[in-house]
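Asker: Sequence positions in the sequence shown follow our numbering and run 152 to 285.
Built from N, CA and C at the ideal position, the CB exists for glycine as well.
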Amino acid sequence: MKIIERIEKLMQGKQITQAEFSRRIGVPVSRVANWRRKGSTPSADLIPRIAKVLNVDTHYLLTGEQINGKNFTYELTADEADLIDGYRKLNRTWQRVAMGEVYELVAEVEDEEYFSIDEEGSDEEEETAEEEKE
């Protein structure tokens, strides 16, 4: 099955129109229509957006394969997506450095008794805990 066929199947399952899908991934309706008509593949830079809109993993979207029998879905914030995009732009050495920094930060945070971020990404509770310490 081609990528565009998977996209069409997922759109149908989620009852997303071509116009709505185009709007949500930020491309003209004519581009999506061309993919469908020609059976072509969306550009690589659109794959993460398409996967997010269709609530599937990019691996599944590209290959049709599920990882360990599961089709992982992710609801990423814009910040999370930016972090992942930035990470993927790094070479393998810098990816390891970045992961080391993340692990250190997580370990530090886990040592704290407070750490809660609300759904909008506000650090309000964390700031309150900081103020209480002072």
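Taking the straight line between their C-alpha atoms, what separation do you get for residue 238 and residue 246?
Answerer: Their backbone Cα atoms lie some 6 Å apart in a straight line.
Asker: Does residue 171 come out as helix, strand or coil in the three-state DSSP assignment?
Answerer: Looking at residue 171 - three-state DSSP - the assignment turns out to be helix.
Asker: Give the single residue among 206, 177, 181 and 196 whose Cα lies nearest to the Cα of residue 158.
Answerer: The option with the nearest alpha carbon to residue 158 is 206.
Asker: Going by DSSP, what residue range makes up the alpha helix (DSSP H) through residue 230?
Answerer: Where residue 230 is concerned, the enclosing alpha helix (DSSP H) stretches over 229-240.
Asker: What does the alpha-carbon distance come out to for the pair residue 155 and residue 196?
Answerer: Roughly 15 Å between the two C-alpha positions.
Asker: Only counting the same chain, and skipping five residues up and downstream in sequence, which positions put a Cβ closer than 6 Å to that of residue 175?
Answerer: Excluding residues within five positions, the ones whose Cβ falls inside 6 Å are 204.
Asker: Is DSSP giving residue 196 helix, strand or coil here?
Answerer: Helix at residue 196.
Asker: Just to check, is the beta-carbon of residue 167 closer than 7 Å to a non-hydrogen atom of the ligand NAP?
Answerer: This structure lacks the ligand NAP; in fact it carries no ligand of any kind.
Asker: Can you tell me which of the three DSSP states residue 269 falls into?
Answerer: Note on residue 269: pLDDT 49, under 50, position unreliable in the model; no value is reported.
Asker: Just the C-alpha distance for residue 168 and residue 240, rounded to the nearest angstrom, thanks.
Answerer: Going by the C-alpha atoms only, they are around 32 Å apart.
Asker: According to DSSP, simplified to helix, strand and coil, what is residue 152?
Answerer: Three-state DSSP puts residue 152 in coil, outside helix and strand.
Asker: Compute the beta-carbon to beta-carbon distance between residue 198 and residue 214, rounded to the nearest angstrom, for a pair I have assumed lies under 8 Å.
Answerer: 11 Å between Cβ atoms; not a contact.
Asker: Grab me the residues of residue 162's own chain with a C-beta within less than 6 Å of its C-beta, minus the 5 sequence neighbours each way, in chain order.
Answerer: Cβ neighbours of residue 162 beyond the five flanking positions: 172.
Asker: State the DSSP-derived secondary structure class of residue 191, mapped to helix, strand or coil.
Answerer: Coil, per DSSP.
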